[in-house]
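> My questions will all concern the structure given below.
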Amino acid sequence: MILNERMKVAGQREIARNIFELVLEGELADEIREPGKFVHVRAGETMDPLLRRPISIADYDDGRITLIYRAEGDGTRVISEKERHGQADVLGPLGNGFPVEAGAPGTKALLVGGGIGVPPLYGLSKRLKEAGVEPVHVLGFQSDDVVFYEEEFSRLGETHIATVDGSRGTKGFVTDVMGALGHEFSVYYSCGPLPMLKAVADGMQGTEGYLSFEERMGCGIGACFACVCRTDTNDPGYVKVCSDGPVFKAGVVSI
Amino acid sequence: MNRLQVELPGLSLKNPIMPASGCFGFGKEYAQLYDLSKLGAIMVKATTLEPRFGNPTPRVAETPAGMLNAIGLQNPGLEKVVTEELPWLEQYDVPIIANVAGSETEDYVAVAERISEAPNVHALELNISCPNVKCGGITFGTDPKIAGELTRAVKAVSSVPVYVKLSPNVTDVTEIARAVEAGGADGLTLINTLVGMRFDPRTGRPVIANGTGGLSGPAVKPVALRMVYEVSRSVSIPVIGMGGISDVDDVINFMSAGASAVAVGTANFVDHFVCPKLIDVLPDRLDELGIGNITELIGRSHRI
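See the structure below:
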């Protein structure tokens with residue numbers, strides 16, 4: 001069920017340059033059934049900034065959700081100023097997440113994240129591991145100062161970092177790492193910028209995959225038609241990222 | 001008796017609050033959140049003769065206390081709307097106002113004739129003011145003669161009263177209002193969005209893929225209030241007011257300016273429960289203001 005709740009801020013910290021981890025408490029957390037869904041957060045109490053900010057759920061557990069986001073524009077900067085014991089107006093959970101059951105127990109799953117697309121893969125990785133699937137992570141970032149959750153991912157499975165400038169891990173893109181992995185994967189999951197999703201999907205052709213998309217949103221529930229993407233496959237020829245996604249099976253959305 | 005009740009051509013409203021067209025789809029999404037029967041009416045998304053995909057993305061951009069959109073009238077087309085969307089809404093006790101759009105007079109007429117026969121459609125809203133499509137839309141809403149003729153053509157085929165949605169992107173909105181009244185309109189709805197732009201300082205390009213978009217939200221409220229005031233004084237048909245309404249005093253003020261009912265648009269994206277909340281708090285606010293029946297508010301500014 002979708003709730004609109006004033007959630008309690010249990011904590012907030014900057015975990016990399018301009019990257020914040022916000023932990024919220026409330027009943028909404030118990031409505032989340034799968035990783036990869038998102039919430040729509042009202043930044044402040046005033047009319048400016050006006051619209052809610054869609055933020056992916058990085059993790060959820062026992063009445064708590066963890067959001068990881070980049071404070072880049074007016075709205076996310078206001079959200080980054082929220083302090084412990086404060087409140088956040090949250091609508092959610094929204095959208096469709098990653099199908100954990102697509103990974104067969106005893107097999108390996110490849111999780112590829114880019115920048116601020118990395119967070120929802122964390123909750124996914126935890127659930128995959130619980131289900132007996134071995135997660136392998138390839139995480140790409142611009143540079144060393146914006147890398148986050150390397151330790152957290154490493155605790156769950158094999159983790160590779162790539163940075164564009166080579167300041168941490170492999171120099172280059174996630175695809176440079178993927179090419180040298182030498183594992184068999186039963187499924188792959190990816191979240192990140194469009195060019196990365198396209199490169200990952202191309203590189204993993206023949207393997208079942210799920211991609212999480214990002215698009216500017218209005219309502220967040222499918223009513224306003226702001227976040228549509230063209231498709232090659234389904235009947236109306238489009239999907240709405242907010243309510244049909246943000247996660248789609250690879251091949252559904254034209255990229 | 002129900003002190004929030006408002007009677008308008010074709011519309012017996014249990015309260016004067018309705019979601020505005022384009023902000024509420026065909027109701028399915030918001031029905032997950034609350035009972036749609038609570039609403040005074042629903043203005044559903046614009047329907048065109050053929051399905052439309054709409055504009056490229058990004059289609060929305062935030063602006064100070066507002067937003068720009070250029071969706072481009074995306075909708076599943078007349079056939080799907082009358083066979084799937086409207087029948088689904090029949091489970092709710094709420095009158096539907098069907099927003100009708102097109103690129104030529106024949107399109108408007110064809111859509112109006114068929115959609116007005118749907119049992120739960122109690123009125124049409126003729127969309128002559130969408131700023132985001134290349135042909136039709138706003139071109140019908142900026143010329144008084146064309147607007148009047150289109151109204152007459154649609155009136156001739158519609159089985160329900162016809163309201164015409166006016167554009168604020170004109171020099172004198174009252175001129176268009178009088179022209180569509182003369183064309184036989186049963187009521188007016190205003191305002192549609194104001195054409196605007198936003199640029200990306202890094203690239204120098206417009207943020208919205210369409211270039212321009214329609215501005216809505218609290219930022220446009222003073223303009224909307226002024227136009228509702230001017231129009232309601234210059235015609236004798238009722239006005240449904242909209243443009244930046246988000247709290248109960250906005251409702252009071254639009255009705256004082258001359259609106260007989262109001263529509264809520266962008267605020268549905270900010271607080272998804274805004275419509276039922278407004279309906280709940282209206283009686284208390286009327287008490288505080290010493291107003292017995294909500295209809296006493298309509299156009300009270302004209303009498304002062």
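As you go down the protein sequences, you meet chains A and B in turn. When you line the first sequence up against the UniProt record's numbering, it's residues 1 to 255, in that order. When you line the second sequence up against the UniProt record's numbering, it's residues 1 to 304, in that order. All residues carry an ideal CB built from backbone N, CA and C; glycine is no exception. Computed from a prediction, not measured in an experiment: that's the story for all the values here.
Quick one: is B:T57 near chain A, going by C-beta distance under 8 Å?
Judged by the 8 Å Cβ criterion, B:T57 is in contact with chain A.
> Report all residues from its chain with a CB closer than 8 Å to the CB of B:H209; omit the five preceding and five following residues, and keep chain order.
It is worth fixing the name first, because residue 209 of chain B is Ala in this sequence and not His. Hits under 8 Å: N55, P56, T57, P58, R59 and A70.
> By how many angstroms is the C-alpha of A:G113 removed from the C-alpha of A:F173?
For A:F173 and A:G113, the distance between alpha carbons rounds to 11 Å.
> Can you name the start and end residues of the beta strand (DSSP E) that A:V112 belongs to?
Segment K108 to G114, the beta strand (DSSP E) holding A:V112.
> Taking all protein chains shown into account, do 16 or more other C-beta atoms lie within 10 angstroms of the C-beta of A:D202, making it buried, or fewer, making it exposed?
Label assigned to A:D202: exposed.
> Under three-state DSSP, which class holds B:D200?
Here B:D200 sits in coil by DSSP.
> The region 27–43 of chain B: which residues have C-beta closer than 9 Å to a C-beta of chain A, in chain order?
Flagged, chain order: G27, K28, E29, Y30, Q32 and L33.
> Tell whether a beta-carbon distance below 8 Å holds between B:L86 and B:V109.
No.
> Applying a beta-carbon distance threshold of less than 7 Å, which residues of chain A neighbour B:E62?
Those are P49, L50 and L51, listed as they occur along chain A.
> I'd like the span of the beta strand (DSSP E) that includes B:G213, first residue to last.
B:G213 -> beta strand (DSSP E) spans G213 to S216.
> Express the C-alpha separation of B:S116 and residue 306 of chain B in angstroms, rounding to a whole number.
Look at the range of chain B in this structure, 1 to 304, and you will see that residue 306 of chain B is not part of it.
> By the criterion of Cβ-Cβ separation under 9 Å, what are the contact partners of B:Q74 in chain A?
Going along chain A in sequence order, the residues near B:Q74 (Cβ under 9 Å) are F225, V228 and Y238.
> May I have the straight-line CA-CA distance separating A:E45 from A:V78, to the nearest angstrom?
Roughly 10 Å separates the two Cα atoms.
> How long is the line joining the alpha carbons of B:G102 and B:L49, rounded to whole angstroms?
Each residue's Cα considered, the two are about 7 Å apart.
> Mind checking if A:G95 is an interface residue toward chain B, Cβ cutoff 8 Å exclusive?
Not one chain B Cβ lies under 8 Å of A:G95.
> For B:G184, which residues of its own chain have a beta-carbon under 8 Å away from its beta-carbon, when the five flanking residues on both sides are left out?
T151, R152, K155 and V162, listed in sequence order.
> In chain A, which residues lie with their C-beta within 8 Å of the C-beta of B:P218?
Within 8 Å Cβ-Cβ: M47 and L50.
> How would you list, in chain order, the residues of chain B whose beta-carbon sits under 7 Å from the beta-carbon of A:L28?
Within 7 Å Cβ-Cβ: nothing; A:L28 doesn't reach chain B, min ~13 Å.
> Considering only the alpha carbon of each residue, which of B:H272, B:E29 and B:V195 lies closest to B:P168?
Checked all of B:H272, B:E29 and B:V195; the closest Cα to B:P168 is B:V195.
> Unbroken alpha helix (DSSP H) runs of length 4 or more, entirely within the region 41–103 of chain B: which are they?
The region 41–103 of chain B contains these whole alpha helix (DSSP H) runs: 86–89.
> For B:A98, go through chain A and note every residue whose CB falls closer than 7 Å to its CB, in chain order.
Within 7 Å Cβ-Cβ: nothing; B:A98 doesn't reach chain A, min ~16 Å.
> Give the range of the beta strand (DSSP E) segment to which A:G4 is assigned.
According to the sequence provided, residue 4 of chain A is Asn. The question's Gly does not apply to it. Per DSSP, A:N4 belongs to the beta strand (DSSP E) from L3 to A16.
> What residues from chain A crowd round B:H302, counting only those whose CB sits closer than 8 Å?
Result: empty, since nearest Cβ-Cβ is about 28 Å, beyond 8 Å.
> Return the residue from the list A:F141, A:A102, A:K129 and A:L128 that minimises the CA-CA distance to A:F248.
That would be A:A102, whose Cα lies nearest to the Cα of A:F248.
> List, in chain order, every chain B residue whose beta-carbon is nearer than 9 Å to that of A:R42.
Those within 9 Å of A:R42 in chain B are V270 and D271.
> Report the partner residues of A:R230 according to the DSSP bridge assignment.
Beta-bridge pairing links A:R230 to A:Y238.
> Along chain B, in chain order, which residues have C-beta atoms closer than 9 Å to that of A:L4?
Position check: residue 4 of chain A holds Asn in this sequence, whereas Leu was assumed. Those are L33, D271, H272 and F273, listed as they occur along chain B.
> So, A:G123 versus A:Y189, is the Cβ gap smaller than 8 Å?
Contact: no.
> What's the C-alpha gap between B:S232 and B:I298?
Cα-Cα distance, rounded: 10 Å.
> If you count every other CB in all the chains shown that lies within 10 Å of the CB of A:K126, and 16 or more means buried, which is it?
Counting Cβ neighbours within 10 Å, A:K126 comes out buried, since at least 16 surround it.
> Contact between the region 61–73 of chain A and the region 20–27 of chain A: three or more CB pairs below 8 Å?
Verdict: yes, contact present.
> For A:D202, does the three-state DSSP call read helix, strand or coil?
Of the three classes helix, strand and coil, the one that applies to A:D202 here is helix, per DSSP.
> Do we get a CB-CB distance below 8 Å when we pair A:I221 with the residues of chain B?
Chain B contact via Cβ: present.
> Quick one: does A:R216 have its CB under 8 Å from some CB of chain B?
For A:R216, the answer is yes, since a Cβ of chain B falls inside 8 Å of its Cβ.
> Taking C-beta to C-beta, are B:N268 and B:F24 nearer than 8 Å?
Result yes, Cβ atoms of B:N268 and B:F24 sit closer than 8 Å.
> Output needed for A:G97: all residues of its chain with C-beta closer than 6 Å, excluding positions within five of it in sequence on either side, in chain order.
These residues qualify, in order along the chain: E34, P35, G36, K37 and V247.
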